[in-house]
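Residue numbers (UniProt numbering): 1 to 95.
Here it is in structure tokens:
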């Protein structure tokens, strides 16, 4: 499948598992670093960091390589906006 001239492939179960495992590992290191530094963050910001990390891993597995040019970068930012920024705006504006 092509979108904006970038060839995408359907993610397999292993791709989804890899993205979730990588996101969890990076999130665990992030949380441990925040606790070690004594930084108190909200659960929302940690969740947004986790979703962004999972999207970064999954986007690479489905064929969005940021070194392929501006079209791949636009696709990455669209996905990031849909998965991270839109919920973040909704959550933080609903206070």
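Glycine is no exception: its CB is placed at the ideal position from the N, C-alpha and C atoms.
Here's the rule I'm using: 16 or more other beta-carbon atoms within 10 Å means buried, otherwise exposed. How should residue 55 be labelled?
Mapped onto the chain shown, residue 55 falls at position 55. Residue 55 is buried by the Cβ-count criterion.
Three-state secondary structure (DSSP) of residue 6
As a position in the chain shown, residue 6 is number 6, starting the count at 1. Strand.
Starting from residue 12, trace the alpha helix (DSSP H) in both directions and tell me its first and last residue.
Counted from its first residue, the chain shown places residue 12 at position 12. No alpha helix (DSSP H) contains residue 12, which DSSP labels as neither H nor E.
On the three-pair Cβ rule with 8 Å, is the stretch 28–41 touching the stretch 69–84?
no
With distance defined between alpha-carbon atoms, name the residue in 70, 38, 87 nearest to residue 49.
Position 49 of the chain shown, counted from the start, is the residue given in the question as residue 49. Checking every option, the nearest Cα to that of residue 49 belongs to 87.
C-alpha distance - residue 16 paired with residue 58, whole-angstrom precision
Within the chain shown, numbered from 1, the residue matching residue 16 stands at position 16. Within the chain shown, numbered from 1, the residue matching residue 58 stands at position 58. Looking at the two C-alpha atoms, the distance is approximately 7 Å.
Residue 84, buried or exposed, once every other Cβ within 10 Å from all chains shown has been counted against 16
Taking the first residue of the chain shown as 1, we reach residue 84 at position 84. Label assigned to residue 84: buried.
By a C-beta neighbour count over all protein chains shown, 10 Å radius and 16 as the cutoff for buried, is residue 69 buried or exposed?
Working through the chain shown from its first residue, we reach residue 69 at position 69. By the neighbour-count rule (16 or more Cβ atoms within 10 Å), residue 69 is not buried but exposed.
Identify whether residue 63 lies in helix, strand or coil by the three-state DSSP scheme.
In the chain shown, the residue the question calls residue 63 occupies position 63. DSSP places residue 63 in coil when its eight states are reduced to three.
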